[in-house]
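Read the structure below first, then the notes.
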Amino acid sequence: MEVSRQQSTVSDDAERGNGQAIERGPRARTKRLMLETATRLMQAGVTPSVSEVAEAAEVSRATAYRYFPSQAALVQAVVDEGLGPILTWQSTSVDAERRIAELFDTAMPRIEAFEATFKAALKLSLDQWARRQAGTLGGEPTFTRGHRIDLLKEAIAPLKGRLPPRDFKRLAQALSLMFGVEVLIVLKDIWGLDSRRTMSVAQWAAGALVRAAVAESIGDGDNINRAAVVK
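When we follow this note's numbering, the leftmost residue of the sequence shown carries the number 3, and every step to the right adds one.
If you want it as structure tokens, here you go:
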């Protein structure tokens, strides 16, 4: 069952510490219980409040709010757990297209495994946007997203010296459209593709974007050189 698989993955990542110092003791166990409970609820399609997680985990609300002072903080913690090794992704390749392929190979299976969790987080983001537009969000802390920005910039880092800063940023922005749970929404939910085809289309599009950006940069350089010769 997907819920059990995901909860097990979260527990395994906790044991490894996700590259961070492993917390131990009663406080760490309580926090872990809340994270696993929140993950289970989000995997079931719910975007839970701190109170709902506290009730499901049989933890007092006061204790729950000490660990997670807002729904945004709780969901962010669950999302980070779901992302796991993606957050520490690195590549030794100096080829941007290869690095993008490696990032997708690492990230997309993980994102698909935690698909329901990331969709629940997206729902919170959209709900908060709607309430902000309606003027009813008040002082509620905002759930922020943006891990993909740093990850994609790191993946195309070899192009930093080859592309003008504006073009480098534009490429990262374009790649953002092909990376994350939104890709699953479009290619799986709307187009009905299976996991293999979804990955294939996403990687093909990402590779095409990188090649187009490089080719455009080379073309611009040739045009500048020709213009200089004419002058």
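No residue lacks a Cβ here, since even glycine has one placed at the ideal position from N, Cα and C.
Given the structure is predicted, the values throughout are model-derived calculations rather than measurements.
A Cβ-Cβ contact shorter than 8 Å links PHE120 with VAL81.
With respect to ALA46, ALA56 sits apart: the two C-beta atoms are not nearer than 8 Å. Scanning SER51, SER127 and ALA176 for the CA closest to the CA of VAL212 turns up ALA176. Going by beta carbons, ALA103 and GLY182 fall outside the 8 Å limit. By the criterion of a C-beta distance shorter than 8 Å, ASP169 is surrounded in its chain by ALA215, GLU218 and SER219, once the five residues flanking it on both sides are discounted. CA-to-CA, the gap between GLN130 and LEU76 works out to about 15 Å. Rounded to whole angstroms, ALA79 and LEU37 show a C-alpha spacing of 7 Å.
Three or more Cβ pairs drawn from the stretch 148-157 and the stretch 81-95 lie within less than 8 Å of each other, which places the two stretches in contact.
Taking C-beta separations shorter than 7 Å and ignoring five residues to either side along the sequence, the partners of MET180 in its chain run ALA204, ALA207 and ALA208, following chain order. Considering only VAL61, ALA74 and ALA109, the residue with the shortest C-alpha distance to GLY84 is ALA109. The stretch 146-181 is shown to contain whole alpha helix (DSSP H) runs of 4 or more residues at 149-157 and 167-178, in chain order. Residue state for LEU76 is assigned as helix, using DSSP reduced to three classes.
Annotation: SER72 to ILE192 spans about 33 Å, alpha carbon to alpha carbon.
Counting C-beta atoms within 10 angstroms of its own C-beta, ALA40 has 16 or more neighbours from the protein chains shown and is therefore classed as buried.
Bounds of the alpha helix (DSSP H) holding ILE102 are 98-115.
Residue range 183-186 is occupied by the alpha helix (DSSP H) that includes VAL185.
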